[in-house]
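Trainee: What follows is a single structure, and I will ask about it in a moment.
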Amino acid sequence: MSYKSLQQCVSDLQKNGEVRIISEEVNPNLDMASIHLNEFKEGKKTLLFENVKGSKYRSVSNLFGTLDRGKFIFRKSIDLVKDLIDIKLNPTNALKNPIKSLFIVLNGIYSLPKKVRFPKSFEEIKIEDLPQIKCWKEDGGPFITLPQVYSEDVENPGILNSNLGMYRIQLSGNEYVKNEEVGMHYQIHRGIGVHQKKAITKGEALKVSIFVGGPPAHSFAAVMPLPEGMSELSFAGVLAKRRFRYAKKDGYTISADADFVICGELYAQDLKPEGPFGDHLGYYSLKHDFPVLRIHKVYAKENGIWPFTVVGRPPQEDSQFGALIHEISGKAIEKEIPGLKSLNAVDEAGVHPLLLAVGSERYTPYNPTKRPQELLTIANRILGTGQVSLAKFLFICDEENAPNVNNEQEYFTHFLERVDWQRDLHFQTKTTIDTLDYSGEGLNEGSKVVVAAAGDVKRKLCNTLPEISLPSGFENPNLVINGSLVVEGKGEIDDLIFSLEQQNLEGIGLITLVDDSNFVSEDLSNWLWVTFTRANPAYDIYGLNSDTVNKHFSCSIPVIDARIKSHHAPILER
């Protein structure tokens, strides 16, 4: 079925045995999040909290806790959406099956938002009436973790020129005036940032509406990376098989199907400390100045349900969002970038820090040495595209005997066998990285590296640990996978490099310096998380027998310093 409301969705899941009801009173301060984390790890069911301490509203979490449940929720529309995206990306495909395409186009009526009267079921409430859910003990206060933040282009206003994004909202704490202000944290490369910049230029406040709840298609649309020119509201309508219904009130756009709506204005001069917040990289994002939303009105549907999630070190519920996005969009980004065959934004590394890619290398007739050429063109295009532009580490190999990018062990084994560390490291320094990533020099500041490998096998990776003598301050060498060595210690990295340069390291393709070698080597996901969330490429990649010629860095074996540094954010701990 297609859902008109969040309540319909929860009821349907309940009929199908997918809901665990919690009737006893639960404290929203840490306890609800703890129950959620346990359920995501063990039980996997959707949680319905019927008695939230301090609020009369029920709350639901883990709605998208499994890929199968996400596909079940959208079972009536998922194929239609796939076809619409395909036609958007490949219009000529419509000519191959005109009858099917006509059906798809006719269903496109759902993409047109529908203006309705302001819902009579809405009551006016205060921010303090909402469930005040705090997920991690060092969080700066309660947050909305599944908001749909709506804004319009002030130069070209209108519902179809809007942006619907998911940017976290701090409800209270820090210096916010109770019930009058909330904090809005949005990252770089976000649509609302473009809208606010235009409002600032015109000397205007930006009107913003925050929708919470409603049909699950609305929440999903807020996180979906859509093709350029496709409206999130149009996508939400098609996915819900119900036109996005909206009303106007005091100049604000109101989602008529949302469970809650917060309206307010962003002013250029209003910045206050937001955070800390336990985030999806597995660390706290710290307290920084971000825009303040001055509250105009807060509305709630009678018997509204407050959805929330808990983010932390992957995998979490938002990992399943990513899996569902891939299920729906298929190879959308590969179709957008010529020559790109496959791409994996690695969830275990926090998505943005690490990309694994396979691309074509069609310059072979003029490339007898099979060195990366087209791969570098593709890499530059990837790093200039949407949210994947936030990546710090991009590994890309040619499609000859290509590995599966979604099998990280297979990919890195293939890559380390073929990479030429004298040639294949390409840095971008003093650039932007994810706002939530604290491995860099400052907020949004860091570096990137493209590692492009092509051609034949260049080394046989060792599958047993070679005899290694470590200098004082270093110990406990281990292999993560074949050819990937980890060493722990707090000594000077120059001493480690000098010592290793004197030894036979045949079969080693990469070295990672860490704080706890046993932890990092016991599971590949630990290595992926530690290495790529704690390293800033231009600062933290060293090398044995390194050299710089014409500003190109080369080495025989790279050493990634993935130890915790003083400027890093604290790790999330329950």
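To get this note's numbering, take the position in the sequence shown, counting from 1, and add 6.
Backbone N, C-alpha and C define an ideal beta-carbon position, used for all residues, glycine too.
Got a sec? Which residues, its chain only, sit under 7 Å from K496 by beta carbon, not counting five neighbours each side?
Mentor: Walking along the sequence shown from the start, residue 496 turns up at place 490. Correct list, in chain order: G479.
Trainee: Distance, Cα to Cα, H294 vs N450?
Mentor: What you label residue 294 is simply residue 288 of the sequence shown in a count that begins at 1. What you label residue 450 is simply residue 444 of the sequence shown in a count that begins at 1. Straight-line Cα distance between these residues: approximately 12 Å.
Trainee: Going by CA-CA distance only, name the one from L381, E24, L73, T72 that's closest to L53.
Mentor: For the purposes of this step, residue 53 is taken as the residue at position 47 of the sequence shown. The shortest C-alpha separation from L53 is found at E24.
Trainee: Can E380 and G390 be called in contact, C-beta distance under 8 Å?
Mentor: In the sequence shown, counting from the first residue as 1, residue 380 sits at position 374. In the sequence shown, counting from the first residue as 1, residue 390 sits at position 384. In this structure, G390 does not lie closer than 8 Å to E380 by Cβ.
Trainee: Classify Q428 as helix, strand or coil using the three-state DSSP reduction.
Mentor: Here the question's residue 428 lines up with position 422 in the sequence shown. Coil, per DSSP.
Trainee: Could you pull out every unbroken beta strand (DSSP E) segment of at least 3 residues lying fully inside the stretch 384-464, listed in chain order?
Mentor: If we require 3 residues or more, the beta strand (DSSP E) runs fully inside the stretch 384-464 come out as 399-404, 431-438, 451-459.
Trainee: Who are the near neighbours of C15 in its chain, counting only those whose CB is closer than 8 Å to its CB and skipping five residues on each side?
Mentor: Taking the first residue of the sequence shown as 1, we reach residue 15 at position 9. Y9, L69, I79, P221, P222, listed in sequence order.
Trainee: Can you tell me the Cβ-Cβ gap for A363 and L346, rounded? I've got them flagged as a contact below 8 Å.
Mentor: One-based indexing of the sequence shown puts residue 363 at position 357. One-based indexing of the sequence shown puts residue 346 at position 340. Contact holds; Cβ gap of about 6 Å.
Trainee: Where does N587 sit, in a helix, a strand or coil, going by DSSP?
Mentor: Summary: the structure shown does not reach residue 587, with the chain confined to residues 7 through 580, and so no result is reported for it.
Trainee: Are I2 and I547 closer than 8 Å when you measure CB to CB?
Mentor: With the chain covering only 7 through 580, there is no way to say anything about residue 2.
Trainee: Please tell me whether V615 and D430 are closer than 8 Å, where the distance is taken between their beta carbons.
Mentor: The structure shown does not extend to residue 615, since the chain spans only 7 to 580, so no value can be given for it.
Trainee: Using a Cβ-Cβ cut-off of 6 Å (strictly less than) and excluding sequence neighbours within five positions of G452, which residues of its own chain qualify?
Mentor: Counting from one through the sequence shown, the residue named residue 452 turns up at place 446. Excluding residues within five positions, the ones whose Cβ falls inside 6 Å are I439, G446, N542.
Trainee: Restricting to Cα atoms, I'd like to know which of C403, Q508, K557, V357 is closest to S531.
Mentor: Translated into positions along the sequence shown, residue 531 becomes position 525. Among C403, Q508, K557, V357, the Cα nearest to that of S531 is on V357.
Trainee: Within 10 angstroms of the Cβ of I301, are there 16 or more other Cβ atoms? Answer buried if so, exposed if not.
Mentor: Position 295 of the sequence shown holds residue 301. With 16 or more other Cβ atoms within 10 Å, it is buried.
Trainee: Give the C-beta separation of I139 and V188 to the nearest angstrom, bearing in mind that I take them to be a contact with Cβ-Cβ under 8 Å.
Mentor: The sequence position of residue 139 within the sequence shown is 133, counting from 1. The sequence position of residue 188 within the sequence shown is 182, counting from 1. About 14 Å; that fails the 8 Å criterion.
Trainee: Quick one: what does DSSP say F109 is sitting in, helix, strand or coil?
Mentor: Within the sequence shown, residue 109 is the residue found at index 103, counting from 1. Model confidence at F109 stands at a pLDDT of 47, short of 50, so the residue's coordinates are unreliable; what they give is reported in the following sentence. It is helical.
Trainee: What residues match up with Q176 in a beta bridge as DSSP calls it?
Mentor: Here residue 176 refers to the residue found at position 170 when the sequence shown is read from its first residue. Q176 is bridged to F149, G189.
Trainee: Based on Cα-Cα distance, which residue from T207, R174, P231 lies nearest to F296?
Mentor: Residue numbering aside, residue 296 sits at position 290 when the sequence shown is read from its first letter. Of the listed residues, the one whose Cα sits closest to F296 is R174.
Trainee: Which runs of the alpha helix (DSSP H) fall wholly inside the stretch 61-89 and span at least 4 residues, in chain order?
Mentor: Here the runs fully enclosed are 73-79.
Trainee: Just the Cα atoms here: how many angstroms apart are Q508 and I517?
Mentor: Sequence index remark: in the sequence shown, residue 508 carries index 502 (1-based). Sequence index remark: in the sequence shown, residue 517 carries index 511 (1-based). Answer to the nearest angstrom: the Cα atoms are 15 Å apart.
Trainee: Given a cut-off of 8 Å, decide if L177 and G146 are closer than it, judged by their beta-carbon atoms.
Mentor: To locate residue 146, count along the sequence shown from 1; it is residue 140. To locate residue 177, count along the sequence shown from 1; it is residue 171. No, Cβ-Cβ distance for G146 and L177 is not below 8 Å.
Trainee: Could you spell out where the beta strand (DSSP E) holding H558 opens and where it closes?
Mentor: Position 552 of the sequence shown, counting from 1, holds the residue named residue 558. From DSSP, the beta strand (DSSP E) with H558 extends over 558-560.
Trainee: Residues in the same chain with beta-carbon distance under 7 Å from A355, minus the five sequence neighbours each way, listed in chain order, please.
Mentor: Your numbering for residue 355 matches position 349 in the sequence shown. For A355, where only same-chain residues beyond five positions count, the Cβ hits under 7 Å are L534, W535, F538, T539.
Trainee: Give every residue of the same chain whose Cβ lies closer than 8 Å to the Cβ of D135, excluding the five residues on either side of it in the sequence, and list them in chain order.
Mentor: As a working note, residue 135 is residue 129 in the sequence shown. Once the five neighbours on either side are set aside, the close Cβ partners of D135 are S61, K62, Y63, V304, A306.
Trainee: Is it the case that the Cβ atoms of S215 and V267 are separated by a distance below 8 Å?
Mentor: For the purposes of this step, residue 215 is taken as residue 209 along the sequence shown, with counting starting at 1. For the purposes of this step, residue 267 is taken as residue 261 along the sequence shown, with counting starting at 1. Taking 8 Å as the Cβ cut-off, S215 and V267 qualify as a contacting pair.
Trainee: Using a threshold of 8 Å, state whether the C-beta atoms of A227 and P125 are closer than that.
Mentor: The sequence position of residue 227 within the sequence shown is 221, counting from 1. The sequence position of residue 125 within the sequence shown is 119, counting from 1. In this structure, P125 does not lie closer than 8 Å to A227 by Cβ.
Trainee: In the DSSP assignment, the alpha helix (DSSP H) including S225 goes from what residue to what residue?
Mentor: Taking the first residue of the sequence shown as 1, we reach residue 225 at position 219. Run containing S225: 222-229, per the alpha helix (DSSP H) assignment.
Trainee: If you draw a straight line from the alpha carbon of I260 to that of A242, how long is it in whole angstroms?
Mentor: Residue numbering aside, residue 260 sits at position 254 when the sequence shown is read from its first letter. Residue numbering aside, residue 242 sits at position 236 when the sequence shown is read from its first letter. Taking the straight line joining both Cα atoms gives about 15 Å.
Trainee: Quickly, what does DSSP pair K255 with across the bridge? List them, please.
Mentor: For the purposes of this step, residue 255 is identified with residue 249 of the sequence shown, where counting begins at 1. DSSP lists Y258 as partners of K255.
Trainee: Who are the near neighbours of E423 in its chain, counting only those whose CB is closer than 8 Å to its CB and skipping five residues on each side?
Mentor: Within the sequence shown, numbered from 1, the residue matching residue 423 stands at position 417. Same-chain partners within the cutoff: V463, K464, R465, K466, L467, G489, G515.
Trainee: With distances taken between CB atoms, is the gap from H432 to V455 smaller than 8 Å?
Mentor: In the sequence shown, the residue the question calls residue 432 occupies position 426. In the sequence shown, the residue the question calls residue 455 occupies position 449. Cβ atoms of H432 and V455: closer than 8 Å.
Trainee: I believe H201 touches Q154 by the beta-carbon criterion, under 8 Å. Please report the beta-carbon distance rounded to the nearest angstrom.
Mentor: Residue mapping note: residue 201 aligns to position 195 of the sequence shown, counting from 1. Residue mapping note: residue 154 aligns to position 148 of the sequence shown, counting from 1. Going by Cβ atoms, the distance from H201 to Q154 rounds to 15 Å, so no, they are not a contact pair.
Trainee: What is the rounded straight-line gap between the Cα of N309 and the Cα of L349?
Mentor: On the sequence shown, position 303 is the one that residue 309 refers to. On the sequence shown, position 343 is the one that residue 349 refers to. Each residue's Cα considered, the two are about 43 Å apart.
Trainee: Check for me: the alpha helix (DSSP H) holding G515 runs from which residue to which?
Mentor: Residue mapping note: residue 515 aligns to position 509 of the sequence shown, counting from 1. Here G515 belongs to no alpha helix (DSSP H), and DSSP marks it neither H nor E.
Trainee: Using DSSP with H/G/I as helix, E/B as strand and the rest coil, what is I139?
Mentor: Taking the first residue of the sequence shown as 1, we reach residue 139 at position 133. Coil, per DSSP.
Trainee: Helix, strand or coil for L19, going by three-state DSSP, please let me know.
Mentor: What you label residue 19 is simply residue 13 of the sequence shown in a count that begins at 1. In this structure, L19 counts as helix in the three-state DSSP scheme.
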